[in-house]
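Peer 1: In our numbering, the protein residues as written are 306 to 997.
Right, here's the structure in full:
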């Protein structure tokens, strides 16, 4: 050990350097001796130093761990902040959705407020339906909870879904879920009766669309289709059957339709069933349900005639509920429809109706109602692209026609009232009725084919003045405020047709210009008129007009002009007016006057003169004191009360009344009376054949 490193001090050099070395070594030796003496103490110190190093290392490791943890926490906080920022951003980006949700929650009729399954809600929303209509909202819970119901609302206000939706939910998620039959050969749980095959098919489409979402099947039965196919469908089993009374009765009598497990029965358009003569069939079908306490009955109708009230009292439970959105209001026709009346003779219809369509249809679908099959066929043949729909058309062809009308392949449908009952076609802009119907309910149903489900529409009622009494009766009983209009004049038609023609020309590709430029330049140089005038003629031709004819605003007759005659004195009868005209006109020209009516104040007479004779009337007035003849653009109010007048050739030839009002603003009332009319007057009576 240290003894090997120790030098003997006695043998060291006396030299100074050596002396220093010796001292240094001496100190080292002393130190080593000290270490030797204190060996154990040194070892303890080393051990303690080693422990300190290890502790320092451990502390350093802990510091690193703590730093790492702090760093990790900082990263986590940053990530959380990022997530929060992202969430805030998403919420900000989705503010419209939140707003939409708030709006939906605020709407008491929103779908979320009702017990409608998510699958059905999805179907409704796919059609843009976010909330129920009033009749649907007010009846949903009543029907879903099992009450018998009488529902009344104006035509086109959503009565169909008012029973489709709660019935589907009752069968799949309500009290009838457990008892409903399933599987092959099941008998129907729901029976829906409707007056026409068209309406039955439309309701069937709704049940298939929404019922398919919850696993329910439906079958539609009606006359004109294969009885065998319908029986096979019933044999396989269905949940819902929709049909017309006649065919449903036939199936019951053939034992093909079993109503023993029926849970619901629905009468839709009950008032129309009465009008179409289905009273006995409906009562027979309703009477086939043995235990009425186990069946829920719903009755929907736009009007409530006595028979409907009788059916309600007889076949619905005593505690039935009634939802009436019409009540005692006069206005039973749709409030979203503009109701117009227009005087027009039978002979003038083919020329008038195309212009009415052009001015009022806005390029959309038009349904024209006629009273007979013959008139429907004749009129459809005169209107470009129109199709007829009446009882002589086979069912397969009817379906093709309706499909074409719905798809927009053609835009004008001419139909008899019977054939068109129950039609529910979206986006019908214009309804034209060729003559006043016999009853107010018919007018309500016809005009209700437009302005449906929140849309607006126009209903034009044509009439001969001999039917003016019917106009006033409809207005009085229905509460409809008719807007009295005159026939569309050339300027009206040109504005509409010219705009369409201009759009058509503007859509032509510029690529055709080089091909036709030479012909255009030659035409311009040879025509002798300005480029603007030449373009105006091109627009007229494109719109289908090669000549503009004058048209009476009193009777819609072409080549006639309506004038107002005044003499400063009252015209107590038409005789006074004719006597005044004879003062300055040849007798034969006076005999050519048509449709004479007195003004409401009795101070003037309004009548039609041939366009070719107009100058004679205007110039002739100069030869009679106090007499004025004025060409009318709008009609003044005319006398309503019919009067009689016997004037030989002037009496009885033409029973036309006057008209009143501005084409756009409504104006005064019109009324008819028996005036003169001379040759060419209406012979009266209908020229149409058997009715359908």
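Quick reminder that beta carbons are idealized off the backbone N, C-alpha and C, glycines included. Being a predicted model, the structure only gives us computed values, none of them experimental.
Among 530, 934 and 944, which residue has its Cα nearest to the Cα of residue 906?
Peer 2: Here the question's residue 906 lines up with position 601 in the chain shown. Ranking the options by Cα distance to residue 906, first place goes to 944.
Peer 1: Measuring CB atoms only, is the stretch 844-859 touching the stretch 801-819, in the sense that at least three cross pairs come out at less than 8 angstroms?
Peer 2: Judged by Cβ distances under 8 angstroms, the stretch 844-859 makes contact with the stretch 801-819, as three or more pairs qualify.
Peer 1: What are the boundary residues of the beta strand (DSSP E) that residue 475 is part of?
Peer 2: If you number the chain shown from 1, residue 475 lands on position 170. Premise fails: residue 475 lies in the alpha helix (DSSP H), 464-478, not in any beta strand (DSSP E).
Peer 1: Using only the alpha-carbon positions, how far apart do residue 524 and residue 554 sit?
Peer 2: Sequence index remark: in the chain shown, residue 524 carries index 219 (1-based). Sequence index remark: in the chain shown, residue 554 carries index 249 (1-based). Taking the straight line joining both Cα atoms gives about 15 angstroms.
Peer 1: Determine the contact status of residue 626 and residue 447, defining contact as a CB-CB distance below 8 angstroms.
Peer 2: Locating residue 626 in the chain shown gives position 321, where the first residue counts as 1. Locating residue 447 in the chain shown gives position 142, where the first residue counts as 1. For residue 626 and residue 447, yes; Cβs fall inside 8 angstroms.
Peer 1: Would DSSP call residue 620 helix, strand or coil?
Peer 2: The residue you call residue 620 lines up with position 315 of the chain shown. In this structure, residue 620 counts as helix in the three-state DSSP scheme.
Peer 1: Using 8 angstroms as the Cβ pair cut-off and three pairs as the minimum, do the stretch 818-830 and the stretch 679-695 touch?
Peer 2: Touching, no.
Peer 1: At the level of alpha carbons, what is the spacing between residue 888 and residue 859?
Peer 2: Along the chain shown, one-based indexing puts residue 888 at 583. Along the chain shown, one-based indexing puts residue 859 at 554. Near 24 angstroms, if we compare the C-alpha coordinates of residue 859 and residue 888.
Peer 1: Roughly how many whole angstroms lie between the Cα atoms of residue 479 and residue 536?
Peer 2: The sequence position of residue 479 within the chain shown is 174, counting from 1. The sequence position of residue 536 within the chain shown is 231, counting from 1. Approximately 29 angstroms between the Cα atoms of the pair.
Peer 1: What is the C-beta distance between residue 503 and residue 707, in whole angstroms, given that I count them as a contact (C-beta under 8 angstroms)?
Peer 2: Here the question's residue 503 lines up with position 198 in the chain shown. Here the question's residue 707 lines up with position 402 in the chain shown. With 8 angstroms as the limit, residue 503 and residue 707 qualify as a contact, their Cβ atoms being about 7 angstroms apart.
Peer 1: Go ahead and pull the three-state DSSP assignment for residue 690.
Peer 2: Translated into positions along the chain shown, residue 690 becomes position 385. Note: residue 690 maps to coil in three-state DSSP.
Peer 1: Measuring alpha carbon to alpha carbon, tell me which of 830, 691, 648 and 941 ends up nearest residue 766.
Peer 2: If you number the chain shown from 1, residue 766 lands on position 461. Comparing Cα positions, the closest option is 648.
Peer 1: How far does the beta strand (DSSP E) with residue 446 in it extend, from its first residue to its last?
Peer 2: For the purposes of this step, residue 446 is taken as the residue at position 141 of the chain shown. Premise fails: residue 446 lies in the alpha helix (DSSP H), 439-449, not in any beta strand (DSSP E).
Peer 1: Answer with buried or exposed for residue 370, where buried requires no fewer than 16 other C-beta atoms within 10 angstroms of its C-beta.
Peer 2: The sequence position of residue 370 within the chain shown is 65, counting from 1. Confidence is the limiting factor: at residue 370 the pLDDT is only 49, short of 50, which leaves the residue's position unreliable and the question unanswerable from this model.
Peer 1: Taking the alpha-carbon positions, what's the residue 768 to residue 416 distance?
Peer 2: Working through the chain shown from its first residue, we reach residue 768 at position 463. Working through the chain shown from its first residue, we reach residue 416 at position 111. Approximately 45 angstroms between the Cα atoms of the pair.
Peer 1: Could you tell me how far apart the beta carbons of residue 788 and residue 653 are, in whole angstroms, since I believe they sit closer than 8 angstroms?
Peer 2: Numbered from 1 along the chain shown, position 483 holds the residue referred to as residue 788. Numbered from 1 along the chain shown, position 348 holds the residue referred to as residue 653. Contact doesn't hold; Cβ gap of about 20 angstroms is too wide.
Peer 1: Counting C-beta neighbours from all protein chains within 10 Å, is the total for residue 1020 16 or more, i.e. buried, or is it exposed?
Peer 2: For residue 1020 there is no data in the structure shown, the boundaries of the chain being 306 and 997.
Peer 1: Short check: CB of residue 515 to CB of residue 418, under 8 angstroms?
Peer 2: If you number the chain shown from 1, residue 515 lands on position 210. If you number the chain shown from 1, residue 418 lands on position 113. No. Outside cutoff.
Peer 1: Can the beta-carbon of residue 549 be found less than 8 angstroms from the beta-carbon of residue 501?
Peer 2: The sequence position of residue 549 within the chain shown is 244, counting from 1. The sequence position of residue 501 within the chain shown is 196, counting from 1. Yes.
Peer 1: CB residue 557 to CB residue 493, shorter than 8 angstroms?
Peer 2: Indexing the chain shown from 1 puts residue 557 at position 252. Indexing the chain shown from 1 puts residue 493 at position 188. The answer is no: Cβ separation not under 8 angstroms.
Peer 1: Would you kindly work out how many angstroms separate the C-alpha atoms of residue 781 and residue 775, rounded to a whole number?
Peer 2: As a first step, residue 781 must be located in the chain shown, where it is residue number 476. As a first step, residue 775 must be located in the chain shown, where it is residue number 470. Spanning the two alpha carbons is a distance of roughly 10 angstroms.
Peer 1: Given this structure, state the Cα-to-Cα distance separating residue 487 from residue 677, to the nearest angstrom.
Peer 2: Stepping through the chain shown from its first residue, residue 487 is reached at position 182. Stepping through the chain shown from its first residue, residue 677 is reached at position 372. Distance between the alpha carbons of residue 487 and residue 677: 46 angstroms.
Peer 1: Pick helix, strand or coil for residue 802, following the three-state DSSP scheme.
Peer 2: As a working mapping, residue 802 is identified with position 497 in the chain shown. Helix at residue 802.
Peer 1: In terms of DSSP beta bridges, what is residue 788 paired with?
Peer 2: Looking up residue 788 in the chain shown gives position 483. According to DSSP, which records beta bridges pairwise, residue 788 is partnered with 645.
Peer 1: Rounded to the nearest angstrom, what separates residue 597 and residue 569 at their Cα positions?
Peer 2: Taking the chain shown and counting its residues from 1, one reaches residue 597 at position 292. Taking the chain shown and counting its residues from 1, one reaches residue 569 at position 264. Answer to the nearest angstrom: the Cα atoms are 10 angstroms apart.
Peer 1: Buried or exposed: which applies to residue 824, given that a residue is buried once 16 or more other Cβ atoms fall within 10 Å of its Cβ?
Peer 2: As a working mapping, residue 824 is identified with position 519 in the chain shown. Exposed.
Peer 1: Would you mind stating whether residue 454 and residue 628 have Cβ atoms separated by less than 8 angstroms?
Peer 2: Against the chain shown, residue 454 aligns to sequence position 149. Against the chain shown, residue 628 aligns to sequence position 323. Their beta carbons are under 8 angstroms apart, which means residue 454 touches residue 628 by this criterion.
Peer 1: What does DSSP give as the partner residues of residue 764 in its beta bridges?
Peer 2: Taking the first residue of the chain shown as 1, we reach residue 764 at position 459. Beta-bridge pairing links residue 764 to 644 and 736.
Peer 1: Residues in the same chain with beta-carbon distance under 6 angstroms from residue 481, minus the five sequence neighbours each way, listed in chain order, please.
Peer 2: Mapped onto the chain shown, residue 481 falls at position 176. Result list for residue 481: 475 and 568, in chain order.
Peer 1: If you measure between the beta carbons of residue 916 and residue 850, is that distance less than 8 angstroms?
Peer 2: On the chain shown, position 611 is the one that residue 916 refers to. On the chain shown, position 545 is the one that residue 850 refers to. No.
Peer 1: Suppose the cutoff is 8 angstroms on Cβ atoms and the five residues either side in sequence are ignored; what does the same chain contact list for residue 816 look like?
Peer 2: Taking the first residue of the chain shown as 1, we reach residue 816 at position 511. For residue 816, where only same-chain residues beyond five positions count, there are no Cβ hits under 8 angstroms.
Peer 1: Does the beta-carbon distance from residue 735 to residue 671 come in below 8 angstroms?
Peer 2: In the chain shown, residue 735 corresponds to position 430, counting from 1. In the chain shown, residue 671 corresponds to position 366, counting from 1. Yes, the Cβ-Cβ distance between residue 735 and residue 671 is below 8 angstroms.
Peer 1: Can you tell me where the beta strand (DSSP E) holding residue 626 begins and where it ends?
Peer 2: Residue numbering aside, residue 626 sits at position 321 when the chain shown is read from its first letter. Counting along the chain, the beta strand (DSSP E) containing residue 626 begins and ends at 626-629.
Peer 1: Report buried or exposed for residue 575, applying the criterion of at least 16 other Cβ atoms within 10 angstroms of its Cβ.
Peer 2: Working through the chain shown from its first residue, we reach residue 575 at position 270. Buried, since its Cβ has 16 or more Cβ neighbours within 10 Å.
Peer 1: If the criterion is Cβ atoms closer than 8 angstroms, does the pair residue 437 and residue 477 meet it?
Peer 2: Translated into the one-based positions of the chain shown, residue 437 becomes position 132. Translated into the one-based positions of the chain shown, residue 477 becomes position 172. For residue 437 and residue 477, no; Cβs fall outside 8 angstroms.
Peer 1: Kindly indicate which three-state DSSP category residue 913 falls into: helix, strand or coil?
Peer 2: Sequence index remark: in the chain shown, residue 913 carries index 608 (1-based). If DSSP states are grouped into helix, strand and coil, residue 913 belongs with the strands.
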